[in-house]
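Taking it in order: structure first as structure tokens, then the write-up.
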Ligand SMILES: [Ca+2]
Ligand SMILES: [Ca+2]
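Pasting the structure below:
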């Protein structure tokens, strides 16, 4: 029987009455605040089906969710959009902890941006419980809040050795979370990692799933990861806990993007074979391949030693790092044992260490490997050097032209899954383009009062607003909720003056590019916490981009704490870039990205780049970047400061940091070619991880030497210092 | 001519065409996002009028504002509600800095809660520029954001010696801002304080205007404050800058409320006569009368010495403090001179110092004063003691029954202005009642899943939700946007369990009272930053009240930072009260009110009271209260901790404060009669002001002695310690 229902009430009655083989069709349209519970007993031949009248025609909005309980249930064709789940998950394969789903399936379903507004309030989008469930041909995109996108839970016996299948899904872009909890897929938890899950994850696409260091965190045994495609995704597939997993025939294409990784091996009896990796740039834990050291007699939540791993027949090409004994330290002292590394084909992307060994490798049998290029640790001399020309085969992957070495590397018959084979064909997969200047539209504004405010209000995302030379006075704070470029025209930069505490307030959706103009703070009122640009106090879910190019900012002196850019709590910028700009007579901080003070491992900016700019008479630091806590699930922040001139920076009595640049917990800092005079010192504090700080070719005059501190690491600060001068003398 | 207009477009055309004597009527109804500019030239006899069709019938909502420019303009009958100004002010007597208003009037207008959502984004509700303007019979209530409610600006010559009249207005409740910038009325700024304003402020009512320490800040010369009524208002009328002001026939009725003050005298040639004060409880700067010491040759922004003050014929009854030489310190070393203090009638409310002198009083001539009760500093022996029975006269004020001493004190003909004489008669003045149990409604909830969530959703403000004994499971976070009491019934407390990181999220309008129940965290997920109760990430404009009575909270141990109550940035509780409650096995902080970390003088709670409760096995402190910075414009926070038992509190490695109680910048702390064992120490850090900390009659066992620190004050920590014991021995 097939019934069409038009309201939650009608649906409840229909599902109550449904018999095996019945189909309930939800009428096309918006279902707002719909607490959809699919509960019943179908049979293998006659499942109980709940489907959209037209696939994609039913949109669940507001505070909606889907729960399944019973057996042989099928749900299909729904879209979750414009809202978020009020529960702990959007789709749960259980009604509550007593009533799980078995032999059930969710397919052809879309979850798009259905994220809790608070980016640090956690939920799962999909939580799979029970046994023999299938989640396939779904499209999950744009999770902005904390929590695993899809979790397989093993928290009761009914959910173990489950035989779930997760296949043909499109895991679309997930932005950098700036915190732990950004995994796309997790199977199990450390607490239940002694149990087998026996879940199959195959033929899925992971496209720009950049949430954190783990794309997939396998925390149970007996899982299979096969035929998946990882596209331009930061992080890797980690066999974090549990033994006897199989990782085969997956394809990782990094396209040279930062932090793209492959597979990280921990625990016993893991098989990693016939995978293909290309263009990966991750190192350390995020290497193309990381075989870790373990903790002797490890407790389940630490690192079980690698034993009996079979790593064979993989191609790892144009990549940055393959590591053995990764993570070796006093605690992680157990090197891999009884392990085979054979018939792998490898080539490096750069001149840094490519094949590296951080511990004894005598427990690894090397055989039939070929490394085509890159620096190899002497301990790995057993890995044979080779030379071969690679050519792209019809499947789009690289193979040796010379059949003589064809025995090494991934098999010829790999068939990367196509984007059209995953998800649904009625929902578009997102493109990857810059938000700026994307509309092709531009408007020109004459000097005057509040014309700029009005222009931004009516602008469309990607528009360019051109300012004619002259004075542009802004008497209302500009609320920016789209990507906008504001650019001066003519040889003389136009001047923007503003009479509120802020010129621009960044809201949800706001991206800002400022080019060739002057911002003058002399009309701003005396209000504590003034900032030319700041974030709204409303939630901001999407990561922002902020760029200054050929911008002059001056006369921010009406009080003692006037900043240029301030990001508040729970806001995150993917990138802040300043180049060819000039800042003068500013009482506060130029870039304040230091609002996550709770030491939960959260922070405000991924990349901060400041280049070819000048800073003169600045009260606070040019950047104050804070990432506290001991969590290691994130890549950033990364700060680059190159070829700038700092003169009288950071010396205001109100500058609590007492620094010209203040970095706390930054993972990568490059300070290069800057000229610093009559300023407070640079201060760089390292917390967790393996921070990479280099201070190279800078000149310091009348300025204290940089201050480095290690908060956790025992030993001298881990900093590369070279080519610097102090008052004209080489600085040691 | 009279024209009725129905849209902004019609209005613009009408005002453009208007002639002296014309009236433009705005049609009754909602005018959303209306940028109302009243611009034109009337004459003394024929003003140009813009009025509501019906007084109160025109409601400006959304992002609306009113600006006047020209002369002889009248605006009347408008209501601003449900929105906020996008500019720096809601009503401005100027269009821009070039175009001011003269001889103009705004009357019969209401601004109710028309506050910017960000409580720390500043604006004025009314800014008066120009000359000879009148602001009268208006009703201003509920400003929640920073910034003076009504400011008279003197920032150009056209705005000085202005002769403005501000009369018959109702300044309704303004909640505690928890920061500087909460003044109700300010005339001038220190920058222009050498100029006379000559503004008259008379016959206004200030009802619960509790924003900060200054209700009125007079920062210019030649003003008159006459016949105003200050009702239950914290703070005082301060003659902060400028000379030659007159303060007469005002009435201050404190009703015994904390921090209620009268008049603070600074500068030269001030006259304070014939005022009546009763029931005031302020001390220090907020005394019923504070005559301050000055700075010799003071710069304009510091404290000009008191010279030639005439303070005569005032009644100051049932009040806490009258101070001479207030604020005397190394900098403020100049005592009042050439000053007369005569014919004042005084009586004390308590046994503390009533008449106090902090510096030499030889420059003050005392004559004909009578003090009926209270402690008098020996330096003030010239003030005659008297005895008199007081009786309430027909005007409601107290006068001596004995005509013999009738020469002292306020005149008999004072006539307190009635509430019905100020503001408008078509808009109600708000009552002063508890938000809890105000509706008289109650519903009873049986044990089960999510019944409580549903009950709160449909409840009305002031409802009581009664929980029957048993287990109440909550699977969705309760979003609380009204005042609700949740109370257990029956002898056995009902148990609430919750499966989200928080049980309750406090939103705008949320007040919470929990009585006779158990909250158990054992179902909560492991999510960093769990808190049983926390504030939303959306803006919260209204101050909250949170009360626990006979509540048990237990098993918050799923991770290392599980709090009971956490107030986030830009949220403020008027009061958090805990009594007869028990807390056990909690990994985090009981009350975390420490989110304003920017050291701008902001904080999260006014009163925190914890009494007759027990705390056992608590990882963090029982309270973490933070108020940073050096601002002195606020009264709080005030913390009372009495008769509690603490056992194993604050000793978790993750407790950054390393304290069992952590108070930073608290103004008043009373720690009395507590039993503390096997715990981390109490830590109290003093910043600005004159903090009053007492630690009395506590017993400490196996616990370090309390730690006190002064951040700014030079000298031993200012703490009263008495009656305490350590491991059974008296603690010195
Ligand atoms: Ca993680
Ligand atoms: Ca103030």
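Chains as they are written, first to last, in my numbering: chain W, 1 to 732; chain G, 1001 to 1732. Just so you know, even glycine gets a beta-carbon here, dropped at the ideal spot from N, CA and C.
Around the C-beta of residue 1240 of chain G, are 16 or more other C-beta atoms found within 10 angstroms, so that it is buried, or is it exposed? Along the second chain, read from residue 1 onward, the residue named residue 1240 of chain G stands at position 240. Burial call: buried.
Given a cut-off of 7 Å, decide if residue 1006 of chain G and residue 1027 of chain G are closer than it, judged by their beta-carbon atoms. Here residue 1027 of chain G refers to the residue found at position 27 of the second chain. Here residue 1006 of chain G refers to the residue found at position 6 of the second chain. Going by C-beta atoms, residue 1027 of chain G is nearer than 7 Å to residue 1006 of chain G.
Fully enclosed by the region 242-316 of chain W, which beta strand (DSSP E) runs are 3 residues long or longer? 246-248, 251-253, 260-265, 271-273, 276-278, 289-292, 310-312
Please state whether DSSP places residue 16 of chain W in a helix, a strand or coil. As a working note, residue 16 of chain W is residue 16 in the first chain. Three-state DSSP puts residue 16 of chain W in a helix.
Are the region 1693-1703 of chain G and the region 1666-1679 of chain G touching by the rule of at least three beta carbon pairs closer than 8 Å? yes
In its own chain, which residues sit with a C-beta less than 7 Å from the C-beta of residue 1726 of chain G, not counting the 5 before and 5 after it? As a first step, residue 1726 of chain G must be located in the second chain, where it is residue number 726. So the list reads 1700, 1705, once near-sequence residues are dropped.
Enclosing beta strand (DSSP E) for residue 623 of chain W [first to last residue]: Looking up residue 623 of chain W in the first chain gives position 623. It spans 623-626 - the beta strand (DSSP E) in which residue 623 of chain W sits, taken as one unbroken run.
Could you check the C-alpha separation between residue 85 of chain W and residue 1119 of chain G for me, to the nearest Å? In the first chain, residue 85 of chain W corresponds to position 85, counting from 1. In the second chain, residue 1119 of chain G corresponds to position 119, counting from 1. Distance between the alpha carbons of residue 85 of chain W and residue 1119 of chain G: 29 Å.
Buried versus exposed, by CB contacts within 10 Å (16 or more), residue 382 of chain W: Position 382 of the first chain holds residue 382 of chain W. Classification of residue 382 of chain W: exposed, given that the 10 Å Cβ count is below 16.
For residue 1251 of chain G, does the count of other Cβ atoms within 10 angstroms reach 16, so buried, or fall short, so exposed? Within the second chain, the letter at position 251 stands for residue 1251 of chain G. Its Cβ being crowded by 16 or more others within 10 Å, residue 1251 of chain G is buried.
Does the structure place the region 1416-1427 of chain G close enough to the region 1455-1471 of chain G that three or more beta carbon pairs sit under 8 Å? no
Tell me the rounded alpha-carbon separation between residue 433 of chain W and residue 174 of chain W. Here the question's residue 433 of chain W lines up with position 433 in the first chain. Here the question's residue 174 of chain W lines up with position 174 in the first chain. Each residue's alpha carbon lies about 15 Å from the other.
At 8 Å on the CB atoms, spell out the chain W contacts of residue 1088 of chain G, in chain order. On the second chain, residue 1088 of chain G is found 88 positions in, with the first residue counted as 1. Simply 475, 499, 500, 525.
Does any C-beta atom of chain W lie closer than 7 Å to the C-beta of residue 1539 of chain G? Numbered from 1 along the second chain, position 539 holds the residue referred to as residue 1539 of chain G. Yes, its Cβ sits closer than 7 Å to a Cβ of chain W.
Could you tell me whether the region 563-573 of chain W touches the region 595-608 of chain W, using the rule of 3 or more Cβ pairs below 8 Å? yes
Per DSSP, what kind of secondary structure is residue 1451 of chain G in: helix, strand or coil? Within the second chain, the letter at position 451 stands for residue 1451 of chain G. Residue 1451 of chain G falls in the helix class under three-state DSSP.
Residues in the same chain with beta-carbon distance under 6 Å from residue 176 of chain W, minus the five sequence neighbours each way, listed in chain order, please. By one-based count along the first chain, residue 176 of chain W stands at place 176. 210, 606, listed in sequence order.
Closer than 8 Å at the beta carbon, the chain W residues around residue 1339 of chain G: As a working note, residue 1339 of chain G is residue 339 in the second chain. Residues of chain W passing the Cβ test: none, with the nearest at roughly 33 Å.
With distances taken between CB atoms, is the gap from residue 313 of chain W to residue 268 of chain W smaller than 7 Å? Here the question's residue 313 of chain W lines up with position 313 in the first chain. Here the question's residue 268 of chain W lines up with position 268 in the first chain. It is not a contact, given that the beta carbons lie outside the stated cut-off.
Listed by chain order, which residues have C-beta atoms less than 5 Å from any heavy atom of ligand 2? G:1180, G:1214, G:1633
Flag residue 1569 of chain G as yes if its beta-carbon sits less than 7 Å from any beta-carbon of chain W, otherwise no. Indexing the second chain from 1 puts residue 1569 of chain G at position 569. Yes, residue 1569 of chain G lies at the interface with chain W (some Cβ there is under 7 Å from its Cβ).
Would you report the Cα separation of residue 1341 of chain G and residue 1289 of chain G, rounded to the nearest angstrom? Looking up residue 1341 of chain G in the second chain gives position 341. Looking up residue 1289 of chain G in the second chain gives position 289. Approximately 11 Å, taken between the alpha carbons.
Which whole runs of the beta strand (DSSP E) in the region 1369-1436 of chain G are 3 residues long or more, in chain order? 1390-1392, 1398-1400
When the Cβ atoms of the region 318-338 of chain W are set against those of the region 418-430 of chain W, are three or more pairs found closer than 8 Å? no
Taking the beta strand (DSSP E) that residue 1121 of chain G falls in, what are its first and last residues? Mapped onto the second chain, residue 1121 of chain G falls at position 121. Careful: residue 1121 of chain G lies outside any beta strand (DSSP E) and carries neither H nor E.
Under 8 Å by beta carbon: chain G residues contacting residue 621 of chain W: As a first step, residue 621 of chain W is located in the first chain; it is residue number 621 there, counting from the start. Here the premise fails: no neighbours, minimum Cβ distance about 15 Å.
Could you name the residues of chain W that residue 1597 of chain G contacts, counting a contact when the two beta carbons are closer than 8 Å? Locating residue 1597 of chain G in the second chain gives position 597, where the first residue counts as 1. Within 8 Å Cβ-Cβ: 597.
Given residue 1109 of chain G, which residues of its chain have a CB within under 6 Å of its CB, disregarding the five upstream and five downstream residues? Position 109 of the second chain holds residue 1109 of chain G. Correct list, in chain order: 1078, 1138.
Determine, using beta carbons only, whether residue 528 of chain W comes closer than 7 Å to chain G. Numbered from 1 along the first chain, position 528 holds the residue referred to as residue 528 of chain W. Yes, contact with chain G.
Specify the secondary structure class of residue 1191 of chain G as computed by DSSP and reduced to three states. Indexing the second chain from 1 puts residue 1191 of chain G at position 191. Note: residue 1191 of chain G maps to helix in three-state DSSP.
Near residue 1563 of chain G, what residues of its chain come up, given a Cβ to Cβ distance below 6 Å and the 5 sequence neighbours on each side ignored? Taking the first residue of the second chain as 1, we reach residue 1563 of chain G at position 563. Result list for residue 1563 of chain G: 1531, 1588, 1589, 1592, in chain order.
What are the partner residues of residue 238 of chain W, as DSSP defines its beta bridges? Counted from its first residue, the first chain places residue 238 of chain W at position 238. Residue 238 of chain W pairs with W:217, W:264.
Collapsed DSSP secondary structure at residue 159 of chain W in the structure displayed: Mapped onto the first chain, residue 159 of chain W falls at position 159. Residue state, collapsed to three classes: helix.
Let me know the secondary structure DSSP gives residue 11 of chain W once reduced to three states. One-based indexing of the first chain puts residue 11 of chain W at position 11. Residue state, collapsed to three classes: helix.
Straight-line Cα distance separating residue 657 of chain W from residue 1574 of chain G: For the purposes of this step, residue 1574 of chain G is identified with residue 574 of the second chain, where counting begins at 1. For the purposes of this step, residue 657 of chain W is identified with residue 657 of the first chain, where counting begins at 1. When rounded, the distance between both Cα atoms is 33 Å.
Does DSSP put residue 1001 of chain G in a helix, in a strand, or in coil? In the second chain, residue 1001 of chain G corresponds to position 1, counting from 1. It is coil, neither helix nor strand.
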